[in-house]
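Below is one structure; the comments refer to it alone.
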Amino acid sequence: MTPLHVVVLMGGWSAEREVSLASGAGVADALEGLGHRVTRIDMGRDVALRLAEAAPDIVFNALHGTPGEDGSVQGMLDLMGLKYTHSGRVASVIAIDKQLTKMLLVPHGIPMPGGRIVKTAELFERDPMPRPYVVKPVNEGSSVGVAIVMDGGNYGHPIGRDTQGPWAEFDELLAEPFIRGRELTTAVLAGQALGVTELRPKSGFYDYDAKYTDGMTEHLYPAPIPDDVAQACERIALEAHRLLGCKGASRADFRWDDSRGVGGLFLLEVNTQPGMTPLSLVPEQARHRGMSYAALVQAIIDDAMQEDAA
414 MTPLHVVVLM GGWSAEREVS LASGAGVADA LEGLGHRVTR IDMGRDVALR LAEAAPDIVF
474 NALHGTPGED GSVQGMLDLM GLKYTHSGRV ASVIAIDKQL TKMLLVPHGI PMPGGRIVKT
534 AELFERDPMP RPYVVKPVNE GSSVGVAIVM DGGNYGHPIG RDTQGPWAEF DELLAEPFIR
594 GRELTTAVLA GQALGVTELR PKSGFYDYDA KYTDGMTEHL YPAPIPDDVA QACERIALEA
654 HRLLGCKGAS RADFRWDDSR GVGGLFLLEV NTQPGMTPLS LVPEQARHRG MSYAALVQAI
714 IDDAMQEDAA
(Lines of atoms letter the chains of each structure in order from A and count residues from 1; the text may use other names and numbers.)
(Lines give C-alpha, C1' and ligand atoms only; values in the text may rest on other atoms or scores of the structure.)
Protein backbone atom coordinates (compact mmCIF):
# COMPACT_ATOMS: atom_id res chain seq x y z
CA MET A 1 0.00 0.00 0.00
CA THR A 2 1.36 3.40 -1.02
CA PRO A 3 0.83 6.07 1.65
CA LEU A 4 -1.32 8.94 0.36
CA HIS A 5 -2.14 12.47 1.43
CA VAL A 6 -5.88 12.32 2.09
CA VAL A 7 -8.15 15.24 2.90
CA VAL A 8 -11.13 14.08 4.96
CA LEU A 9 -13.93 16.51 4.17
CA MET A 10 -16.59 16.60 6.88
CA GLY A 11 -19.05 18.76 8.79
CA GLY A 12 -20.48 21.50 6.62
CA TRP A 13 -23.82 23.16 7.32
CA SER A 14 -26.46 20.55 6.48
CA ALA A 15 -28.96 19.11 8.95
CA GLU A 16 -26.62 16.10 9.16
CA ARG A 17 -23.55 18.07 10.24
CA GLU A 18 -22.99 16.23 13.54
CA VAL A 19 -23.25 12.82 11.86
CA SER A 20 -20.76 13.94 9.22
CA LEU A 21 -18.30 15.08 11.88
CA ALA A 22 -18.55 11.67 13.55
CA SER A 23 -18.08 9.88 10.21
CA GLY A 24 -15.12 12.07 9.30
CA ALA A 25 -13.38 11.60 12.65
CA GLY A 26 -13.63 7.82 12.36
CA VAL A 27 -12.36 7.83 8.79
CA ALA A 28 -9.46 10.16 9.59
CA ASP A 29 -8.37 8.08 12.58
CA ALA A 30 -8.48 4.91 10.48
CA LEU A 31 -6.47 6.48 7.66
CA GLU A 32 -3.81 7.70 10.07
CA GLY A 33 -3.64 4.22 11.59
CA LEU A 34 -3.04 2.85 8.10
CA GLY A 35 -0.07 5.17 7.63
CA HIS A 36 -1.65 7.81 5.40
CA ARG A 37 -1.07 11.53 5.86
CA VAL A 38 -4.43 13.09 6.75
CA THR A 39 -5.69 16.67 6.61
CA ARG A 40 -9.07 17.18 8.29
CA ILE A 41 -11.28 19.92 6.85
CA ASP A 42 -14.55 21.00 8.43
CA MET A 43 -16.16 22.43 5.31
CA GLY A 44 -16.84 26.16 5.30
CA ARG A 45 -17.43 28.62 2.47
CA ASP A 46 -13.66 28.76 1.92
CA VAL A 47 -13.47 25.04 1.19
CA ALA A 48 -12.03 25.44 -2.33
CA LEU A 49 -9.17 27.58 -1.05
CA ARG A 50 -8.38 25.14 1.75
CA LEU A 51 -8.43 22.19 -0.66
CA ALA A 52 -6.14 24.02 -3.08
CA GLU A 53 -3.71 24.78 -0.24
CA ALA A 54 -3.75 21.16 0.95
CA ALA A 55 -3.24 19.71 -2.56
CA PRO A 56 -4.16 16.14 -1.55
CA ASP A 57 -3.81 12.96 -3.57
CA ILE A 58 -7.49 12.25 -2.88
CA VAL A 59 -10.45 13.64 -0.90
CA PHE A 60 -12.45 11.30 1.32
CA ASN A 61 -15.91 12.83 1.14
CA ALA A 62 -17.44 12.24 4.58
CA LEU A 63 -20.15 14.89 4.13
CA HIS A 64 -23.83 14.02 4.50
CA GLY A 65 -26.77 15.97 3.09
CA THR A 66 -26.47 19.15 1.04
CA PRO A 67 -24.17 20.40 -0.43
CA GLY A 68 -21.82 17.44 0.10
CA GLU A 69 -24.17 14.76 -1.17
CA ASP A 70 -26.19 16.54 -3.86
CA GLY A 71 -23.53 16.97 -6.55
CA SER A 72 -22.43 20.49 -5.53
CA VAL A 73 -19.19 19.48 -3.84
CA GLN A 74 -18.64 16.77 -6.45
CA GLY A 75 -18.83 19.41 -9.19
CA MET A 76 -16.35 21.61 -7.36
CA LEU A 77 -13.93 18.72 -6.92
CA ASP A 78 -14.29 17.84 -10.61
CA LEU A 79 -13.43 21.42 -11.60
CA MET A 80 -10.41 21.33 -9.29
CA GLY A 81 -9.22 18.07 -10.81
CA LEU A 82 -9.24 16.27 -7.46
CA LYS A 83 -10.02 12.59 -7.02
CA TYR A 84 -12.67 11.85 -4.39
CA THR A 85 -14.49 8.94 -2.84
CA HIS A 86 -18.05 7.76 -3.39
CA SER A 87 -20.34 8.73 -6.24
CA GLY A 88 -19.70 11.43 -8.78
CA ARG A 89 -21.66 14.52 -9.72
CA VAL A 90 -24.43 13.01 -11.86
CA ALA A 91 -25.23 10.08 -9.58
CA SER A 92 -25.26 12.42 -6.58
CA VAL A 93 -27.66 14.91 -8.20
CA ILE A 94 -30.14 12.16 -9.03
CA ALA A 95 -29.90 9.96 -5.94
CA ILE A 96 -30.44 12.72 -3.37
CA ASP A 97 -33.65 13.76 -5.14
CA LYS A 98 -36.19 11.07 -4.27
CA GLN A 99 -38.49 11.98 -7.16
CA LEU A 100 -35.67 11.95 -9.74
CA THR A 101 -34.59 8.58 -8.35
CA LYS A 102 -38.07 7.18 -8.95
CA MET A 103 -38.13 8.58 -12.48
CA LEU A 104 -34.88 6.78 -13.28
CA LEU A 105 -35.36 3.48 -11.47
CA VAL A 106 -39.06 2.61 -11.74
CA PRO A 107 -39.05 2.29 -15.57
CA HIS A 108 -36.31 -0.34 -15.13
CA GLY A 109 -38.55 -2.45 -12.91
CA ILE A 110 -37.26 -1.30 -9.52
CA PRO A 111 -40.23 -1.40 -7.09
CA MET A 112 -40.68 1.93 -5.31
CA PRO A 113 -43.70 3.47 -3.59
CA GLY A 114 -45.96 5.69 -5.65
CA GLY A 115 -46.32 9.29 -4.64
CA ARG A 116 -46.13 12.87 -5.78
CA ILE A 117 -44.67 16.25 -4.90
CA VAL A 118 -47.12 18.42 -3.00
CA LYS A 119 -47.04 22.08 -2.11
CA THR A 120 -46.92 22.43 1.65
CA ALA A 121 -49.94 24.75 1.58
CA GLU A 122 -51.97 21.90 0.09
CA LEU A 123 -51.53 19.89 3.30
CA PHE A 124 -53.33 22.64 5.21
CA GLU A 125 -56.40 22.22 3.01
CA ARG A 126 -56.69 18.48 2.38
CA ASP A 127 -54.79 15.21 2.50
CA PRO A 128 -52.93 14.56 -0.79
CA MET A 129 -53.85 10.85 -0.59
CA PRO A 130 -55.72 8.52 1.77
CA ARG A 131 -54.20 8.09 5.21
CA PRO A 132 -51.85 6.62 6.30
CA TYR A 133 -49.22 8.32 4.17
CA VAL A 134 -45.68 9.63 4.57
CA VAL A 135 -44.40 13.11 3.83
CA LYS A 136 -40.70 13.85 3.57
CA PRO A 137 -38.34 16.43 2.07
CA VAL A 138 -37.42 15.64 -1.52
CA ASN A 139 -33.66 15.96 -0.97
CA GLU A 140 -32.68 15.27 2.63
CA GLY A 141 -31.17 12.09 4.07
CA SER A 142 -31.04 10.27 7.42
CA SER A 143 -34.86 10.45 7.70
CA VAL A 144 -34.59 14.19 8.34
CA GLY A 145 -38.07 15.74 8.25
CA VAL A 146 -40.06 12.52 7.77
CA ALA A 147 -43.60 12.39 9.17
CA ILE A 148 -46.10 9.54 9.07
CA VAL A 149 -49.64 10.91 8.88
CA MET A 150 -52.03 8.38 10.42
CA ASP A 151 -55.76 8.29 11.06
CA GLY A 152 -56.26 9.55 14.59
CA GLY A 153 -52.72 10.95 14.71
CA ASN A 154 -51.55 14.22 16.19
CA TYR A 155 -51.54 16.23 12.97
CA GLY A 156 -55.28 16.84 12.69
CA HIS A 157 -57.65 16.85 9.71
CA PRO A 158 -56.27 18.61 7.76
CA ILE A 159 -52.73 19.16 9.07
CA GLY A 160 -52.61 22.34 11.15
CA ARG A 161 -50.39 25.23 10.13
CA ASP A 162 -49.11 25.50 13.68
CA THR A 163 -48.49 21.76 14.08
CA GLN A 164 -44.86 20.65 14.31
CA GLY A 165 -43.65 18.77 11.25
CA PRO A 166 -41.65 19.10 8.01
CA TRP A 167 -44.36 21.34 6.53
CA ALA A 168 -43.03 24.08 8.82
CA GLU A 169 -39.61 23.96 7.10
CA PHE A 170 -40.13 23.02 3.46
CA ASP A 171 -42.27 24.60 0.73
CA GLU A 172 -42.62 21.27 -1.09
CA LEU A 173 -42.71 17.71 0.19
CA LEU A 174 -42.87 14.23 -1.30
CA ALA A 175 -46.03 12.37 -0.25
CA GLU A 176 -46.01 8.58 -0.48
CA PRO A 177 -48.35 5.81 0.69
CA PHE A 178 -47.22 4.39 4.03
CA ILE A 179 -45.95 0.84 3.65
CA ARG A 180 -46.69 -1.20 6.73
CA GLY A 181 -44.10 -3.75 7.66
CA ARG A 182 -40.38 -3.97 8.29
CA GLU A 183 -37.28 -1.84 7.69
CA LEU A 184 -34.46 -3.47 5.70
CA THR A 185 -31.18 -2.16 4.34
CA THR A 186 -28.43 -3.45 2.05
CA ALA A 187 -24.99 -1.96 1.55
CA VAL A 188 -23.10 -2.16 -1.74
CA LEU A 189 -19.32 -1.86 -1.80
CA ALA A 190 -17.38 -1.81 -5.06
CA GLY A 191 -20.10 -3.71 -6.88
CA GLN A 192 -20.80 -6.32 -4.19
CA ALA A 193 -23.86 -6.51 -1.92
CA LEU A 194 -22.92 -7.00 1.74
CA GLY A 195 -26.12 -8.67 2.94
CA VAL A 196 -29.37 -7.49 4.53
CA THR A 197 -29.93 -5.97 7.97
CA GLU A 198 -33.34 -5.60 9.58
CA LEU A 199 -33.76 -2.48 11.72
CA ARG A 200 -36.18 -2.65 14.62
CA PRO A 201 -36.60 0.68 16.44
CA LYS A 202 -37.40 0.32 20.13
CA SER A 203 -40.18 2.90 19.68
CA GLY A 204 -41.68 4.86 16.79
CA PHE A 205 -40.06 4.47 13.39
CA TYR A 206 -36.49 4.49 12.12
CA ASP A 207 -36.04 8.27 12.23
CA TYR A 208 -32.94 10.42 12.75
CA ASP A 209 -32.82 9.79 16.51
CA ALA A 210 -33.29 6.05 16.09
CA LYS A 211 -30.44 5.95 13.58
CA TYR A 212 -27.88 7.83 15.62
CA THR A 213 -28.74 7.18 19.28
CA ASP A 214 -27.11 4.11 20.75
CA GLY A 215 -29.60 1.53 21.98
CA MET A 216 -32.67 2.94 20.22
CA THR A 217 -32.65 0.46 17.33
CA GLU A 218 -31.94 -3.26 17.18
CA HIS A 219 -29.85 -4.33 14.17
CA LEU A 220 -30.48 -7.92 13.03
CA TYR A 221 -27.88 -9.34 10.63
CA PRO A 222 -28.52 -11.41 8.69
CA ALA A 223 -32.10 -10.22 8.63
CA PRO A 224 -34.55 -12.95 9.71
CA ILE A 225 -36.41 -12.90 6.41
CA PRO A 226 -37.07 -15.50 3.67
CA ASP A 227 -34.20 -16.21 1.30
CA ASP A 228 -36.12 -14.91 -1.73
CA VAL A 229 -36.70 -11.54 -0.03
CA ALA A 230 -33.03 -11.28 0.99
CA GLN A 231 -31.95 -12.12 -2.55
CA ALA A 232 -34.35 -9.51 -3.92
CA CYS A 233 -32.88 -6.86 -1.58
CA GLU A 234 -29.36 -7.60 -2.78
CA ARG A 235 -30.38 -7.73 -6.45
CA ILE A 236 -32.31 -4.45 -6.27
CA ALA A 237 -29.54 -2.70 -4.31
CA LEU A 238 -26.95 -3.75 -6.90
CA GLU A 239 -29.16 -2.78 -9.83
CA ALA A 240 -30.03 0.61 -8.33
CA HIS A 241 -26.31 1.25 -7.61
CA ARG A 242 -25.54 0.44 -11.25
CA LEU A 243 -28.40 2.38 -12.83
CA LEU A 244 -27.67 5.49 -10.78
CA GLY A 245 -23.97 5.25 -11.62
CA CYS A 246 -22.89 5.03 -7.97
CA LYS A 247 -19.29 4.34 -7.02
CA GLY A 248 -17.59 3.16 -3.87
CA ALA A 249 -20.13 2.46 -1.13
CA SER A 250 -23.88 3.02 -1.27
CA ARG A 251 -26.77 1.84 0.87
CA ALA A 252 -30.27 0.90 -0.30
CA ASP A 253 -33.13 1.28 2.20
CA PHE A 254 -36.32 -0.79 1.90
CA ARG A 255 -39.74 -1.27 3.44
CA TRP A 256 -41.11 -4.78 3.34
CA ASP A 257 -44.75 -5.65 3.90
CA ASP A 258 -44.20 -9.19 5.15
CA SER A 259 -47.81 -10.16 4.47
CA ARG A 260 -47.13 -9.98 0.70
CA GLY A 261 -43.89 -11.91 0.21
CA VAL A 262 -41.42 -10.53 -2.32
CA GLY A 263 -44.25 -8.46 -3.81
CA GLY A 264 -44.30 -6.39 -0.64
CA LEU A 265 -40.70 -5.18 -0.99
CA PHE A 266 -40.17 -1.53 -1.97
CA LEU A 267 -36.97 0.47 -2.35
CA LEU A 268 -37.26 3.82 -0.54
CA GLU A 269 -33.97 5.46 -1.49
CA VAL A 270 -30.29 4.97 -2.27
CA ASN A 271 -27.80 6.76 -0.04
CA THR A 272 -24.64 7.65 -1.97
CA GLN A 273 -22.78 8.93 1.13
CA PRO A 274 -23.61 6.30 3.77
CA GLY A 275 -22.59 7.03 7.33
CA MET A 276 -19.27 5.87 8.77
CA THR A 277 -20.10 6.42 12.46
CA PRO A 278 -19.87 3.70 15.15
CA LEU A 279 -23.61 3.05 14.67
CA SER A 280 -23.56 3.17 10.86
CA LEU A 281 -24.79 0.27 8.80
CA VAL A 282 -22.14 0.00 6.07
CA PRO A 283 -19.26 -0.56 8.56
CA GLU A 284 -21.48 -2.98 10.47
CA GLN A 285 -22.31 -5.07 7.41
CA ALA A 286 -18.68 -5.02 6.29
CA ARG A 287 -17.62 -6.23 9.74
CA HIS A 288 -20.05 -9.15 9.50
CA ARG A 289 -18.37 -10.01 6.21
CA GLY A 290 -14.95 -10.10 7.89
CA MET A 291 -13.80 -6.59 6.91
CA SER A 292 -12.51 -4.28 9.64
CA TYR A 293 -13.41 -0.59 9.72
CA ALA A 294 -9.89 0.34 8.57
CA ALA A 295 -10.05 -2.19 5.73
CA LEU A 296 -13.40 -0.73 4.64
CA VAL A 297 -11.96 2.79 4.57
CA GLN A 298 -8.98 1.57 2.56
CA ALA A 299 -11.26 -0.29 0.12
CA ILE A 300 -13.24 2.93 -0.50
CA ILE A 301 -9.98 4.83 -1.10
CA ASP A 302 -8.70 2.11 -3.45
CA ASP A 303 -11.94 2.13 -5.44
CA ALA A 304 -11.79 5.92 -5.86
CA MET A 305 -8.13 5.90 -6.88
CA GLN A 306 -8.97 3.48 -9.68
CA GLU A 307 -11.97 5.42 -10.99
CA ASP A 308 -12.35 8.67 -12.83
CA ALA A 309 -15.03 10.78 -11.12
CA ALA A 310 -18.32 10.87 -13.06
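Just so we're aligned: the sequence shown equals residues 414 to 723 in our numbering.
Yeah, the Cβ is synthetic: ideal placement off N, Cα and C, and Gly gets one too.
| Asked | Found |
| --- | --- |
| Using DSSP bridges, identify the partner residues of residue 590. | 546 |
| Indicate the three-state DSSP secondary structure (helix, strand or coil) for residue 423 in the structure shown. | strand |
| Name the DSSP beta bridge partners of residue 666, please? | 598, 682 |
| Report the residue ranges of all beta strand (DSSP E) runs contained in full by the segment 442–522; include only those spanning at least 3 residues, in chain order. | 450–455, 471–474 |
| Is the distance from the Cβ of residue 483 to the Cβ of residue 505 below 7 Å? | yes |
| Would you identify the three-state DSSP class for residue 719, choosing helix, strand or coil? | helix |
| Hey, quick one: how far does the alpha helix (DSSP H) through residue 649 stretch, first residue to last? | 640–657 |
| In whole angstroms, what is the alpha-carbon distance linking residue 495 and residue 634? | 36 Å |
| Taking the C-alpha atoms as reference points, what is the distance between residue 669 and residue 415? | 43 Å |
| Kindly indicate which residue of 699, 657, 611 has the alpha-carbon position closest to the one of residue 678. | 611 |
| Sort out for me which residues DSSP pairs residue 530 with in a bridge. | 587 |
| Three or more C-beta pairs closer than 8 Å, one from the segment 525–544 and one from the segment 571–583: is that the case here? | yes |
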